[in-house]
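Those letters in the sequence shown? Residues 11 to 159, by this note's numbering. Quick reminder that beta carbons are idealized off the backbone N, C-alpha and C, glycines included. What follows is a short report on a single structure.
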Amino acid sequence: AVVSTQSYREGGIRNVMRGTVITAVRDMPASGCYFAAYELTKSRFRESNGSDDLAFWQVLVAGGFAGWANWAWGIAPDVVKTRYQTAPEGKYKSALSVVPELYKTEGVKGFFKGLGPIALRAWPANACCMLGYEMALKAMNWVAPLPEY
Numbered sequence: 011a012v013v014s015t016q017s018y019r020e021g022g023i024r025n026v027m028r029g030t031v032i033t034a035v036r037d038m039p040a041s042g043c044y045f046a047a048y049e050l051t052k053s054r055f056r057e058s059n060g061s062d063d064l065a066f067w068q069v070l071v072a073g074g075f076a077g078w079a080n081w082a083w084g085i086a087p088d089v090v091k092t093r094y095q096t097a098p099e100g101k102y103k104s105a106l107s108v109v110p111e112l113y114k115t116e117g118v119k120g121f122f123k124g125l126g127p128i129a130l131r132a133w134p135a136n137a138c139c140m141l142g143y144e145m146a147l148k149a150m151n152w153v154a155p156l157p158e159y
């Protein structure tokens, strides 16, 4: 609350909302990659199992791949977003204006700064997240099963 209040005082609502569009550019396709990778991995495991049931470790692996897929798309827009949001006021006209400067000063590698640590964190974080999701789904279906169509 303190940060948003200070941000509002310094530049109004525009300053508070700075980076919203680039965040959507990062998150919408990255989420598509996330769920596509998750479902594709689960589908491959189901085929190899010959069953719809997945083992504990298979859910973890599918979640890990999902996290990697998310950040494979999301890292470059995230770097641009972070540069834009943390730059001094007026340095960039828009998030898009970060791109040429970043490329000029750091090349393509600049768009992937932090990928190593993100990938290391993404696997266990998303593996556990999807395991929790699957366990919650099973619990809810046990408590209040949906009728078959």
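Sufficient close CB pairs (3 or more, under 8 angstroms) joining the segment 31-40 to the segment 49-62: no
Determine whether the beta carbon atoms of K123 and V153 lie at a separation below 8 angstroms. no
Distance CB(L112)-CB(G100) smaller than 8 angstroms: no
State the start and end residues of the unbroken alpha helix (DSSP H) segment that holds L141. L125 to V153
Would you tell me roughly how many angstroms separate the C-alpha atoms of G74 and M27, rounded to the nearest one? 31 angstroms
Three or more beta-carbon pairs under 8 angstroms between the segment 71-86 and the segment 140-148, yes or no? yes
Starting from the C-beta of W133, find all residues in its chain whose C-beta is less than 7 angstroms away, skip the five residues before and the five after it, and write them out in chain order. G74, G77 and W78
What ranges does the beta strand (DSSP E) occupy inside the segment 45-115, keeping only unbroken runs of at least 3 residues that lie completely in it? none
Suppose you measure from the CA of Y102 to the CA of G29; what does that come to, to the nearest Å? 11 angstroms
From G22 to R93, what distance separates their C-alpha atoms? 20 angstroms
Can you tell me where the alpha helix (DSSP H) with E20 in it begins and where it stops? V12 to V26
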